[in-house]
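Below is one structure, written out as structure tokens, with a few remarks after it.
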Amino acid sequence: MIGLTMVVALAALIGFLGFQAYRAQQSADLRELYLQTGRQGAINLTTIDWHHADADVQRILGMATGTFYDDFAQRSQPFVDVVKKVQSVSTGTVTVSGLESATDTDAQVLVAVNVLTTTNEAPDQSSRSWRMRLSIQKVGNDAKVSNVEFVP
2 MIGLTMVVAL AALIGFLGFQ AYRAQQSADL RELYLQTGRQ GAINLTTIDW
52 HHADADVQRI LGMATGTFYD DFAQRSQPFV DVVKKVQSVS TGTVTVSGLE
102 SATDTDAQVL VAVNVLTTTN EAPDQSSRSW RMRLSIQKVG NDAKVSNVEF
152 VP
């Protein structure tokens, strides 16, 4: 009888530990999804080439949701017009990113980027460093950017 009790207790402990490991892995996967979405969102927002600005804007909208999607979609055509007019090429590179906060449905990701921009009037620009806070919202099995703030 003691042996059976020990086996049942051991099985329960193994089941509990297995479930905890599963939940920890799910949590780590979700954090990585949020971080990757924040990094890619920052790159998409800072990498625009006048040769294919319309496709670049569509790439941004593809990762956007909520009011950020609505606002960016509404302002995208004037933005594209200016980018094409000045023949702007911007390339963003993420230097560091981190998860500020996260829940099962959303997160705040801080991203630092270096952005090199050239135009037809200023071909030799130096890079600029920006910090952004991206709000990320889980949408099904994916995540999308729901807000962007520049952080001083």
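For reference, each letter of the sequence shown is one residue, going 2 to 153 in this note's numbering.
Glycine is no exception: its CB is placed at the ideal position from the N, C-alpha and C atoms.
Distance, residue j Cα to residue i Cα
i	j	result
Gly99	Lys139	17 Å
Thr119	Lys86	13 Å
Trp131	Glu122	23 Å
Met7	Ala13	10 Å
Tyr35	Ala144	7 Å
Met2	Val9	11 Å
Gln27	Trp51	40 Å
Ala108	Leu31	10 Å
Phe73	Arg134	16 Å
Glu101	Gly4	49 Å
Ile15	Ile44	43 Å
Pro153	Gln126	21 Å
Leu157	Ala29	Residue 157 lies beyond the residue range present for the chain, which begins at 2 and ends at 153; the question has no answer from this structure.
Gly63	Gln37	15 Å
Gln21	Leu11	15 Å
Gly19	Val81	52 Å
Beta carbon of residue i nearer than 8 Å to that of residue j
i	j	result
Gly93	Val116	yes
Gly39	Val112	yes
Val114	Val95	yes
Reference residue i, options the options, closest by Cα
i	options	result
Ala103	Ser91, Gly16, Ile137	Ile137
Pro124	Asn45, Asp143, Ser91	Ser91
Ala65	Val81, Asp82, Gly42	Gly42
Thr48	Ser28, Arg129, Asp105, Met2	Arg129
Arg24	Asp105, Met133, Arg134, Val114	Asp105
Ala54	Gln21, Ser89, Gly141	Ser89
Tyr142	Ile44, Glu33, Pro153	In the sequence as displayed, the identity of residue 142 is Asn instead of Tyr. Closest by alpha carbon: Glu33.
Sufficient close CB pairs (3 or more, under 8 Å) joining the stretch 62-79 to the stretch 142-151
At 8 Å Cβ cutoff, the stretches touch.
contact_flag[the stretch 75-85, the stretch 49-63] where n(CB pairs < 8 Å) is 3 or more:
Segments in contact, yes.
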